[in-house]
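Undergrad: Quick one: the structure is below, and I'll ask about it shortly.
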Amino acid sequence: MKDKYWIAFSSIEQIDSRFILKLFEYFQDIEKAFNANSAELKNIEGLSVKKAENFLKLRDKINPDNLLSQVTNKGIKYLSFDSDNYPATLKNIDNPPALLYYKGDLSLINFDKTLAVVGSRKTSKYAKDAVNLIISGFKDTDICIVSGLASGIDTTAHLAALENNLKTIGVIASGFDYIYPSANKELYKKIENGNGVIFTEYYPTFEPLKFRFPQRNRIVSGLSYGTLVAEASIKSGALITANLTLDQGRELMCIPGLITNPNTEGIYKLLKNGAALITKSEDVLEALNWEIKTPEQLKIELNDLDETESKILKAIEIEEKGIDEIMSITKLDLDTLLINLTTMELKGIIEQVNGDRYKRV
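Quick note, my numbering runs 1441 ahead of the 1-based positions in the sequence shown.
This is the structure:
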């Protein structure tokens, strides 16, 4: 059970993900990395000597088994960087989190259609109405709304997702021992209990300190294929997320606002620099090259399946399967199977994942 070493690393406030992943990359084994001695750490090129010394001092006071028990006893789940379920979009950013703690149900989330929505904490009614209007255009689809569970636009985005039967991801800037802001306690519960996932890279006891909010923003944008900014002053956290979006090579989109509102100054700066202008949900779909289908559309298409297609869909109804597994279940020859898989993928009923594996959309 090597998970306890990922947790043990993350429990040390004086080190960060860069440090942890540098050791993991060098040793290719998290247990060896955690138990490394001073001489081994000195061999790692570019590793801060001061951080290495601090780590060694603090490590000896840690009991990884106790830390694992504390996390699991609180009902907190986790994903380490080497986990199969670690989101691919996040893994590819600069400085990805070494460990993600989470509450909620990962299986509910379509990580291939994630949209971050960010903006000012002190937001205008106009911006809230605009966010509600745009998100309502995705009603009953598999698009997932990502935000930071802060007040203002974040809260508006999460609530709009829930109201429109969408899943949502909240990324918080503290451990799960804290709910910030406290006014969002009920929203936290709704997301955890069947409406999405709450992620954090912080060990449960870590407080929501000021410097952690900008760090959290790289995860919000990193989980998402694009970021929609509703309101942002020049020095806002939303503008930090916007710049991270560009650094990560993702699509940046902005909702225009009243020019008399100081919170739109950052918006117009981004628009002048090439961000996509968004006034309706269709603009988001066009910017991200997404096609969405409602449950009603999918139901019609499922009713139109022929006998062979129905066999294939039944074979992968519960979980994704490879071509050999599908052949074994359906008794179809390879050529027939490949032709039908391609047709069903074009219809948007199934999708290819992890090489030659397929799953139901």
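Idealized CB from N, CA, C, for every residue including glycine. Source: prediction; values computed, not measured.
Which parts of the stretch 1590 to 1661 are runs of the alpha helix (DSSP H), unbroken and 4 residues or longer, counting only runs that do not cross its ends?
TA: Runs of the alpha helix (DSSP H) inside the stretch 1590 to 1661: 1594 to 1604 and 1626 to 1631.
Undergrad: Leaving out five residues on either side along the sequence, give the residues of the same chain with a beta carbon under 8 Å from the beta carbon of Glu1723.
TA: Residue numbering aside, residue 1723 sits at position 282 when the sequence shown is read from its first letter. Once the five neighbours on either side are set aside, the close Cβ partners of Glu1723 are Gly1578.
Undergrad: Which value, in whole angstroms, describes the spacing of the CA atoms of Lys1721 and Leu1600?
TA: On the sequence shown, position 280 is the one that residue 1721 refers to. On the sequence shown, position 159 is the one that residue 1600 refers to. Those two C-alpha atoms are separated by around 18 Å.
Undergrad: Pick out whichever of Ile1675, Pro1537 and Val1670 has its Cα sitting closest to the Cα of Thr1641.
TA: In the sequence shown, counting from the first residue as 1, residue 1641 sits at position 200. Of the candidates Ile1675, Pro1537 and Val1670, the one whose C-alpha sits nearest the C-alpha of Thr1641 is Pro1537.
Undergrad: Quick one: is the Cβ of Lys1651 within less than 6 Å of any heavy atom of the ligand MN?
TA: The ligand content of the structure shown is nil, which means the ligand MN is not present either.
Undergrad: Less than 8 Å between the CB atoms is what I'm expecting for Val1612 and Leu1669, so what's the real figure, rounded?
TA: Start at 1 with the first residue of the sequence shown, and residue 1612 comes out as number 171. Start at 1 with the first residue of the sequence shown, and residue 1669 comes out as number 228. Wrong, their Cβ atoms sit about 15 Å apart, outside the cutoff.
Undergrad: List the residues that DSSP assigns as beta-bridge partners of Lys1518.
TA: If you number the sequence shown from 1, residue 1518 lands on position 77. For Lys1518, which the question treats as bridged, DSSP gives the partners Tyr1543.
Undergrad: Figure out for me which residue from Lys1445, Ala1539 and Tyr1543 has the closest Cα to the Cα of Ile1503.
TA: The residue you call residue 1503 lines up with position 62 of the sequence shown. Among Lys1445, Ala1539 and Tyr1543, the Cα nearest to that of Ile1503 is on Lys1445.
Undergrad: Please name the residue in Glu1672, Tyr1621, Lys1554 and Ser1479 whose C-alpha comes closest to that of Lys1608.
TA: Start at 1 with the first residue of the sequence shown, and residue 1608 comes out as number 167. Selected option, being the one with the closest Cα: Lys1554.
Undergrad: Going by Cα to Cα distance, which pick from Leu1680, Val1490 and Gln1689 is closest to Ile1456?
TA: Taking the sequence shown and counting its residues from 1, the one referred to as residue 1456 is at position 15. Measuring from the Cα of Ile1456, the nearest candidate turns out to be Val1490.
Undergrad: Under the three-state reduction of DSSP, which class applies to Ala1717: helix, strand or coil?
TA: Taking the first residue of the sequence shown as position 1, residue 1717 is located at position 276. It is a strand residue.
Undergrad: Hey, would you say Ala1671 sits closer than 7 Å to Gly1589, going by beta carbons?
TA: Numbered from 1 along the sequence shown, position 230 holds the residue referred to as residue 1671. Numbered from 1 along the sequence shown, position 148 holds the residue referred to as residue 1589. Cβ atoms of Ala1671 and Gly1589: not closer than 7 Å.
Undergrad: Using C-beta distances below 6 Å, list every residue in its chain close to Ser1751, excluding the 5 sequence neighbours before and after it, in chain order.
TA: For this step, residue 1751 is matched to residue 310 along the sequence shown. Here the set comprises nothing.
Undergrad: In the DSSP output, what is Met1694 paired with across the bridge?
TA: To locate residue 1694, count along the sequence shown from 1; it is residue 253. Paired residue(s): Leu1669 and Ala1717.
Undergrad: Nearest to Tyr1527 by CA position, among Ala1716, Arg1801 and Leu1547, is which residue?
TA: The residue given as residue 1527 occupies position 86 in the sequence shown. Looking at the Cα atoms, Leu1547 is the closest of the given residues.
Undergrad: Closer than 7 Å by C-beta to Val1794: which residues in its own chain qualify, once you throw out the five before and the five after it? Chain order, please.
TA: Working through the sequence shown from its first residue, we reach residue 1794 at position 353. Hits under 7 Å: Glu1761 and Lys1800.
Undergrad: Give a yes or no on whether the C-beta atoms belonging to Thr1596 and Val1572 are separated by under 7 Å.
TA: Here the question's residue 1596 lines up with position 155 in the sequence shown. Here the question's residue 1572 lines up with position 131 in the sequence shown. Not closer than 7 Å, so no.
Undergrad: Which first and last residues belong to the beta strand (DSSP E) in which Ser1588 is found?
TA: For the purposes of this step, residue 1588 is identified with residue 147 of the sequence shown, where counting begins at 1. First-last of the beta strand (DSSP E) with Ser1588: Cys1585 to Ser1588.
Undergrad: Hey, would you say Met1768 sits closer than 7 Å to Leu1778, going by beta carbons?
TA: In the sequence shown, counting from the first residue as 1, residue 1768 sits at position 327. In the sequence shown, counting from the first residue as 1, residue 1778 sits at position 337. In this structure, Leu1778 lies closer than 7 Å to Met1768 by Cβ.
Undergrad: Just the C-alpha distance for Lys1515 and Tyr1619, rounded to the nearest angstrom, thanks.
TA: Taking the sequence shown and counting its residues from 1, the one referred to as residue 1515 is at position 74. Taking the sequence shown and counting its residues from 1, the one referred to as residue 1619 is at position 178. The straight-line gap from Cα to Cα measures roughly 13 Å.
Undergrad: Pick from Tyr1643, Glu1792, Pro1655 and Leu1603: whose alpha carbon is nearest that of Asn1634?
TA: As a first step, residue 1634 is located in the sequence shown; it is residue number 193 there, counting from the start. Per the Cα distances, Leu1603.
Undergrad: What does the alpha-carbon distance come out to for the pair Lys1518 and Val1512?
TA: Numbered from 1 along the sequence shown, position 77 holds the residue referred to as residue 1518. Numbered from 1 along the sequence shown, position 71 holds the residue referred to as residue 1512. Answer to the nearest angstrom: the Cα atoms are 8 Å apart.
Undergrad: Any idea if Pro1645 is buried or exposed, counting beta-carbon neighbours within 10 angstroms, 16 or more meaning buried?
TA: Translated into positions along the sequence shown, residue 1645 becomes position 204. Counting Cβ neighbours within 10 Å, Pro1645 comes out buried, since at least 16 surround it.
Undergrad: Report yes if the CB atom of Leu1508 is closer than 7 Å to the CB atom of Ile1448, and no otherwise.
TA: Numbered from 1 along the sequence shown, position 67 holds the residue referred to as residue 1508. Numbered from 1 along the sequence shown, position 7 holds the residue referred to as residue 1448. The answer is yes: Cβ separation under 7 Å.
Undergrad: What does DSSP give as the partner residue(s) for Leu1556 in the beta ladder?
TA: As a first step, residue 1556 must be located in the sequence shown, where it is residue number 115. Answer is Ile1586 and Gly1667.
Undergrad: Does the distance from the C-beta atom of Thr1812 to that of Ile1753 stay below 7 Å?
TA: Here the chain comprises residues numbered 1442 to 1802, so residue 1812 is not present and cannot be evaluated.
Undergrad: Taking Phe1647 and Ser1615 to be in contact with their CB atoms under 8 Å, please state how far apart those CB atoms are, rounded to whole angstroms.
TA: Position 206 of the sequence shown, counted from the first residue, corresponds to residue 1647. Position 174 of the sequence shown, counted from the first residue, corresponds to residue 1615. Yes, Phe1647 and Ser1615 are in contact; Cβ-Cβ is about 6 Å, under 8 Å.
Undergrad: From Lys1631, Ser1592 and Asn1606, pick the residue whose C-alpha is nearest to that of Ser1623; which is it?
TA: Here residue 1623 corresponds to residue number 182 of the sequence shown, with the count starting at 1. With distances taken between Cα atoms, Ser1623 lies closest to Ser1592.
Undergrad: Give the secondary structure of Lys1762 by DSSP, where H, G and I count as helix, E and B as strand, and everything else as coil.
TA: Within the sequence shown, the letter at position 321 stands for residue 1762. Strand, per DSSP.
Undergrad: Pick helix, strand or coil for Ile1681, following the three-state DSSP scheme.
TA: By 1-based counting over the sequence shown, the position of residue 1681 is 240. Here Ile1681 sits in helix by DSSP.
Undergrad: Expressed to the nearest angstrom, what Euclidean distance is found between the alpha-carbon atoms of Ala1717 and Asn1702?
TA: As a position in the sequence shown, residue 1717 is number 276, starting the count at 1. As a position in the sequence shown, residue 1702 is number 261, starting the count at 1. Approximately 20 Å between the Cα atoms of the pair.
Undergrad: If you compare alpha carbons, which of Thr1682, Ala1673 and Lys1580 is closest to Gly1707?
TA: The count along the sequence shown starts at 1 and reaches residue 1707 at position 266. Closest option to Gly1707, Cα to Cα, is Ala1673.
Undergrad: With H, G and I counted as helix, E and B as strand and the rest as coil, what does DSSP make of Tyr1446?
TA: Your numbering for residue 1446 matches position 5 in the sequence shown. Three-state result, Tyr1446: helix.
Undergrad: Which of the three DSSP states is assigned to Tyr1709 in this structure?
TA: Within the sequence shown, the letter at position 268 stands for residue 1709. Helix, per DSSP.
Undergrad: Residues bridged to Tyr1799 by DSSP?
TA: By one-based count along the sequence shown, residue 1799 stands at place 358. Paired residue(s): Lys1762 and Gln1793.
Undergrad: Taking the alpha-carbon of Leu1680 as reference, which of Asn1714, Leu1520 and Leu1650 has the nearest alpha-carbon?
TA: Mapped onto the sequence shown, residue 1680 falls at position 239. For Leu1680, the nearest C-alpha among the options comes from Asn1714.
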